[in-house]
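Heads up: the structure comes next, in structure tokens.
Residue numbers (my numbering): 13 to 536.
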């Protein structure tokens, strides 16, 4: 039985033949040899949980060094291969401590355990050639798994960790391709061979998915990382990085360093899209969309981190005549510049080259992006009477820059375009905040702290049409070039609170706040 602190103190005071009051029989409160038995770990295990009682809260100790203690849900803190962060394997053991082992899984509902049948189809790059897709004999290429979905009667392809040197084409097949251990452990390397790393070009639908991979080293004229043509797949939770498109004697160029979408309506959600290039500094034509290029269709671009991509136009995102819904993204560190000194370098973060009535850019943070000529954060460039007017609503556009002109460090509405721009915060951009044309519908925006707030046809709309100029008072805005250090939620005394369009409500039913965390989609 563990002694009380008072009793231990009494023993120290009255009888300690060993000289050191911290060393005596029964002392069990540190990692030294407290009980003088030549064992540096305490011996008591009062709750019989295989976790020795080495302190006041022994279950808080991560004994096996796997990052999880018993209080974190580790069901065997003596075995680093069993913890809540592990992935189930066919070993009869509850690897992830959820109370269920692989022996209980039956994904396809056929009455056979997953480990005993062909579903999910298994892929392991370390396997030998000639596999059959089972746990015991997996395929060693992802393409094999996809190609065998019909033959094996299973649409789930489960991919083990490793680097797969492949260029994958779904070929119109229904396949949910998922990495068992996520993008940090599972890489698809396209080899820079003149092809996208992954292609959806045969009418695939939302039930064809790619989830949990790093997609890298693609090189093509369209969609260096992922090419989506006339298809509507789901691209979920991947890291799409280090891909490029080029204009040269081989490629005519077309954009989409990370992803290129044409006449498609995919779901692009929860990805990191970073360090991709669409011929930055190249020609005016074809070097569009460093992170994502969108032409037509109605894709949903939701909850992605679109970071440090480069292009001629649209460093982060470029779109033309698309009913795209672009929500809840962090769009930062992207750059736009091309060789046209007059109209090049549009939209460091986002370039709406030609919008449509269905284009909606809402509740995004657009931060620390750079363009050479128009719209360091967002450029809205051309008008088409047949397409309609895009909407840019409830975004926070901060710390963006135009380098070679004064056309909208934060937002540039240019030419004869007629966007509806409402409830945005445009703050701390350089050399100015907003360049407006006479046809833009500009209402209930907060513009503050830019080099100069407005230039162009509407030189000072503060105080008109609901537009205001007070301080946004962000919770934390460091202006150190690193958006991950900032919290751009509205702090105490923010002028943006309850200052949006009164016809628009926040999720709690109050008048909309201005900025990325206001309006009905402000909770993210």
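All residues carry an ideal CB built from backbone N, CA and C; glycine is no exception.
All values reported here derive from a predicted model rather than from experimental measurement.
In its own chain, which residues sit with a C-beta less than 6 Å from the C-beta of residue i, not counting the 5 before and 5 after it?
{"i": "residue 424", "result": "386, 387, 391, 447"}
{"i": "residue 461", "result": "439, 440"}
{"i": "residue 240", "result": "212, 273, 276, 278"}
{"i": "residue 49", "result": "For residue 49, the predicted model reports a pLDDT of 44, less than 50, meaning its position is unreliable and no value from the coordinates is stated."}
{"i": "residue 281", "result": "248, 314, 315"}
{"i": "residue 230", "result": "202, 208, 209, 236, 237, 255"}
{"i": "residue 181", "result": "211"}
{"i": "residue 150", "result": "134, 135, 136, 139, 143"}
{"i": "residue 177", "result": "201, 203"}
{"i": "residue 186", "result": "167, 219, 220"}
{"i": "residue 4", "result": "A question about residue 4 goes unanswered here, because the residues of the chain that appear run from 13 up to 536."}
{"i": "residue 367", "result": "402"}
{"i": "residue 526", "result": "435, 437, 458, 508, 511, 512"}
{"i": "residue 410", "result": "379, 439, 440"}
What is the DSSP secondary structure of residue i, reduced to helix, strand or coil?
{"i": "residue 524", "result": "coil"}
{"i": "residue 468", "result": "strand"}
{"i": "residue 157", "result": "helix"}
{"i": "residue 228", "result": "strand"}
{"i": "residue 499", "result": "strand"}
{"i": "residue 72", "result": "helix"}
{"i": "residue 80", "result": "coil"}
{"i": "residue 451", "result": "coil"}
{"i": "residue 88", "result": "coil"}
{"i": "residue 403", "result": "strand"}
{"i": "residue 223", "result": "strand"}
{"i": "residue 105", "result": "coil"}
{"i": "residue 504", "result": "coil"}
{"i": "residue 456", "result": "coil"}
{"i": "residue 440", "result": "coil"}
{"i": "residue 555", "result": "In the structure as shown, the chain starts at 13 and stops at 536, and residue 555 therefore has no counterpart that could be examined."}
{"i": "residue 151", "result": "strand"}
{"i": "residue 385", "result": "coil"}
{"i": "residue 517", "result": "strand"}
{"i": "residue 296", "result": "coil"}
{"i": "residue 509", "result": "coil"}
{"i": "residue 50", "result": "The predicted position of residue 50 is uncertain, since its pLDDT is 47 and thus under 50; a value taken from the coordinates is nonetheless stated next. Residue 50: coil per DSSP, three-state reduction."}
{"i": "residue 494", "result": "coil"}
{"i": "residue 542", "result": "In the structure as shown, the chain starts at 13 and stops at 536, and residue 542 therefore has no counterpart that could be examined."}
{"i": "residue 474", "result": "coil"}
{"i": "residue 348", "result": "strand"}
{"i": "residue 413", "result": "strand"}
{"i": "residue 418", "result": "coil"}
{"i": "residue 434", "result": "strand"}
{"i": "residue 398", "result": "coil"}
How would you write the range of the alpha helix (DSSP H) that residue i sits in, first residue to last?
{"i": "residue 163", "result": "161-164"}
Could you check where the beta strand (DSSP E) with residue i kicks off and where it finishes?
{"i": "residue 248", "result": "246-248"}
{"i": "residue 330", "result": "329-332"}
{"i": "residue 314", "result": "312-314"}
{"i": "residue 212", "result": "210-212"}
{"i": "residue 279", "result": "279-281"}
{"i": "residue 133", "result": "133-135"}
{"i": "residue 259", "result": "That residue, residue 259, is in no beta strand (DSSP E); it is neither H nor E in DSSP."}
Based on the DSSP output, what are the partners of residue i in its beta bridges?
{"i": "residue 392", "result": "364, 425"}
{"i": "residue 177", "result": "201"}
{"i": "residue 338", "result": "313, 373"}
{"i": "residue 253", "result": "228, 286"}
{"i": "residue 234", "result": "267"}
{"i": "residue 272", "result": "239, 305"}
{"i": "residue 190", "result": "170, 223"}
{"i": "residue 323", "result": "290, 348"}
{"i": "residue 146", "result": "Looking at the DSSP assignment, residue 146 forms no beta bridge with any residue, so it has no partner."}
Excluding the 5 residues preceding and the 5 following residue i in the sequence, name in chain order all residues of the same chain whose CB lies nearer than 7 Å to its CB.
{"i": "residue 184", "result": "214, 215, 216"}
{"i": "residue 168", "result": "119, 131, 132, 133, 188"}
{"i": "residue 473", "result": "454, 466, 479"}
{"i": "residue 519", "result": "532, 534, 535"}
{"i": "residue 528", "result": "375, 376, 377, 406, 407, 408, 500"}
Here's a check: name, in chain order, each residue in its chain whose Cβ is nearer than 8 Å to the Cβ of residue i, leaving out the five neighbours to either side.
{"i": "residue 130", "result": "144, 145, 146, 164, 165, 166"}
{"i": "residue 497", "result": "488, 490"}
{"i": "residue 430", "result": "395, 401, 451, 452, 453"}
{"i": "residue 558", "result": "Absent from the structure is residue 558, since the part of the chain shown begins at 13 and ends at 536."}
Using a Cβ cut-off of 8 Å (strictly closer), state whether residue i contacts chain B.
{"i": "residue 296", "result": "Of the chains in the structure shown, none is chain B; there is only one protein chain."}
Between the region 344-354 and the region 304-314, are three or more C-beta pairs nearer than 8 Å? Here the region 344-354 does not lie against the region 304-314, with fewer than 3 beta-carbon pairs under 8 Å apart.
Does the count of Cβ pairs from the region 325-342 and the region 484-492 closer than 8 Å reach three? No, they do not touch.
Does the region 189-203 come close enough to the region 248-259 to have 3 or more Cβ pairs within less than 8 Å? Enough Cβ pairs lie closer than 8 Å, so yes.
Report yes or no: do the region 317-324 and the region 287-295 share at least 3 C-beta pairs separated by less than 8 Å? Yes, they touch.
Stretch pair the region 401-415 + the region 363-382: three plus CB contacts closer than 8 Å: Output reads yes: the region 363-382 touches the region 401-415.
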